[in-house]
Amino acid sequence: MESFVINNLTIIFGFSIGILYLCHRLHIPIIVGFLFTGMLLGPHGSGLIDAVEEVEVLAEIGIVLLLFTIGVELSLKDLWSMKRAVLIGGSIQVLLTTVVVYFISSWMGYGYGESIFVGFLFSLSSTAIVLKLLQKRGELHAPHGRLSLAILLYQDVIVVPMILVTPFLAGVGGNGDPALIPIIAKGIGLVVLVMASAKWIVPNVLYQITKTRDSELFFLSIIVVCLSVAWLTSSMGLSLALGAFLAGLIISESEYSHQAMSNLIPFRDIFMSFFFISIGMLLDIDHFLGNPLLFIMVAAGVLLLKSVIAGLASYLLGFPLRTAILGGLALAQVGEFSFVLSRFGLEFGILEQDVYQLFLVVSILTMAVTSSVMSLSPRVADRVVNLPIPSKLKCGFHPGAMESVLDKKTHLEDHLIIAGFGFNGHTVAKAATVAGIPYLILDTNPETVRKEQLKGEMVYYGDSSQKGVLEHADIKNARVLVVCISDPAGTRRSVSLARKMNPNVHIIARTQYLQEMEPLYALGANEVIPEEFETSIEIFVRLMKRYLIPKDEIDRFVAEIRSDGYEMFRTLSGTMNIYDMEVDIPDMNITNVRVRSSSFVVGKTLAQLELRKKYGVTILAIRRNSEIISNPDPDLFLTSHDVVVLMGAPEMISKVDPLFAGGSIE
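Under the UniProt record's numbering, think of the first position of the sequence shown as 1, with each following residue one higher.
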């Protein structure tokens, strides 16, 4: 053991640093990096690590801590708030994947128990990888992000019953009904113990411990709770992992769960690294090199199968086709809990070595390409949605969809369209109600639509990035579109589509990050509100208040910051927000168009164009590079990339717009 601690531990962490750094540069998940580390160092690789049993001991601790932290993190309130997506969506995804894989495995000649178990393995997705990528892409609160989170939560919980069922699938505990009776009795006893411990015993004990304000004593107490329940379940013939999960549930119901998690996470991550390294050590690379095409084809099949089934589960919940595709592709990989479950399959002899090696290689391949798959998913979803399929299939079968309520909707004109009914959408709707502005709301969350319709809100189920939905929302007659959705790709598509369908609509888009502003302006947004910038202003305001700066000075500073900041963003984006100059003239619009290099007007003077005489359209100003030419001279020549500010009737502006864009006037 001394040799292992000094020599092998140094080798493991030394190699891990190099491989994980390489994975970071290549945007490969860290879990895959640990698996590759084990593969390179293990007996099937370089053979540098010979103390495999010691690594497996540390890996077993990692499994216990992982299940314990899952139990601690499990919030029954959060599960209940997403109960429909968790229970229905998760059940459909796991059940359908297990059944399909079972039939495929049975057709290939594998036994009943092994086929079901392989279905279990491939039904789980990677919580760690998916959530990290969703957070990085700013899509965790988007419809497909919330949907993925709900199904992942279900998978994290269902893995515990899967572990319990594994011995019976292997024939260890399933030789007759009498063997089930003690297990059921023990299970009931454990449930009673957990409920009693969570309600009375553990909270009171931890209260006495925390009164000492000794952090080391508190940490040791948490570890003892975890190991005690795990040992108890193990002595009853059940698994250590189940006991660790139940111990976590006991802690989660107390007010000490957050402190317990903060103490445990570093230890969990360290020991879990040993778990994935130990899994990598079991991988025989010769299996892959013997027939790499087969493994790649199987991995591609798993990605396709899981994305279709997860997408179908999302679609059956009532979400539109685009959201279902994004959610399905996010859950296409095999997850880390599949590796945990596979260890039990090996322990009970339910997995043959050939099947196990196939599972390891395929799982690693699916995890390695997850980042690329999720990056491509918006383009895949857009291409599928643009196929000539019925709009009903694109929008979903939710009873509040735009198509089904079109006849009930009163005709709106000069109205406001709110895309997304989260916190920002609610705020805009309240302001519109107070101001007496007619509005219509679009949202892709079926539960939100149903709940708000019962309250009398004019909210409909529909994806604002779909042409048919915007048509039914009367985008051509709308005055303003406010895009408040959390999906960056969906926001860009909504802005672009709305601008094409109504060149005169005023588009205000909300985004989380500053880097999203320039693409949105380029796609046609008139105003982009970055939450990142507004948050920094709020921090600035509170900071000034703490230093007792007078309120009038704070207001002046904030006004200057907003003015300078947004002017900077507009300059960087290459657009002018000419609506800042617009006055409310009946039947008159002010808009800006860019002169394309292929445009007929290049090299022509304003007098030669005669726009005011022929169409009643006036050129108010011209922006040339950084120069603003106001009230331009009739003899001024237009050049490529000029931005021309036009004023006129909406229908006349629509007629002359193609002239600047490189087309012709009818």
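Each residue gets a CB set at the ideal place from its N, CA and C atoms; glycine is no exception.
Nearest to A128 by alpha carbon, out of I485, L416 and S371? S371
Taking 8 Å as the cut-off, decide whether the C-beta atoms of L649 and G616 are in contact. In the sequence on display, residue 649 carries Ala and not Leu. Their beta carbons are under 8 Å apart, which means A649 touches G616 by this criterion.
Leaving out the 5 sequence neighbours to the left and right, which residues in its chain are closer than 6 Å to S123 when beta-carbon positions are compared? V94, T97 and T98
So does the segment 155-167 actually touch the segment 329-342, counting three or more Cβ pairs closer than 8 Å? yes
Contacts around P378, its chain only, beta-carbon distance under 6 Å, and the 5 residues preceding and following it disregarded: A489
R499 versus N589 - alpha carbon distance: 15 Å
Closest Cα partner of M195 within the set I250, S221, Q208 and L232: I250
Who are the Cβ neighbours of I629 in its own chain at under 8 Å, not counting the five residues just before and after it? A621, I622, R623 and L636
In the segment 424-509, which residue ranges form an unbroken beta strand (DSSP E) of at least 3 residues, counting only runs that do not cross its ends? 439-443, 459-461 and 480-483
Where I418 falls: helix, strand or coil (DSSP): strand
Under the three-state reduction of DSSP, which class applies to I296: helix, strand or coil? helix
Can you look up G648 in the DSSP assignment and give me helix, strand or coil? strand
Hey, quick one: how far does the alpha helix (DSSP H) through A621 stretch, first residue to last? That residue, A621, is in no alpha helix (DSSP H); its beta strand (DSSP E) goes T618 to R624.
For G311 and G327, which I take to be in contact (beta-carbon distance under 8 Å), what is that distance rounded to the nearest angstrom? 6 Å
Please report the distance separating the alpha-carbon of L365 from that of I63. 22 Å
With H, G and I counted as helix, E and B as strand and the rest as coil, what does DSSP make of L609? helix
Euclidean distance between Cα positions of V55 and P266: 18 Å
Using the rule of at least 16 other Cβ atoms within 10 Å of the residue's Cβ for burial, across every protein chain shown, is G318 buried or exposed? buried
Check the DSSP bridge columns for I590 and list the partner residues they point to. M647
V469 versus Q512 - alpha carbon distance: 24 Å
Same chain, Cβ closer than 7 Å to P203, neighbours up to 5 away in sequence not counted: S254
Mind pulling the alpha helix (DSSP H) runs of 4 or more residues that sit fully within the segment 192-237? 202-210 and 215-235
Rounded straight-line distance, which links the Cα of Y439 to that of D474: 11 Å
Going by DSSP in three states, T511 sits in which element: helix, strand or coil? strand
Do you know how far the Cα of N625 is from the Cα of K613? 28 Å
By the DSSP assignment, the alpha helix (DSSP H) with P530 in it spans what residues? Counting along the chain, P530 falls outside any alpha helix (DSSP H), though it belongs to the beta strand (DSSP E) covering E527 to P530.
If you measure between the beta carbons of L442 and G462, is that distance less than 8 Å? yes
Can you tell me where the beta strand (DSSP E) with S630 in it begins and where it stops? E627 to S630
Between T69 and the rest of its own chain, which residues show a CB-CB distance below 8 Å, the 5 nearest in sequence each way excluded? G248, M261, L264, I265 and R268
How about P320: is its C-beta nearer than 8 Å to some C-beta of chain E? Protein chains in the displayed structure number just one, and chain E is not present.
Just how far apart, CA to CA, sit N424 and R479? 19 Å
Beta-carbon within less than 6 Å of E457's beta-carbon, same chain only, minus the 5 sequence neighbours each way: which residues are those? none
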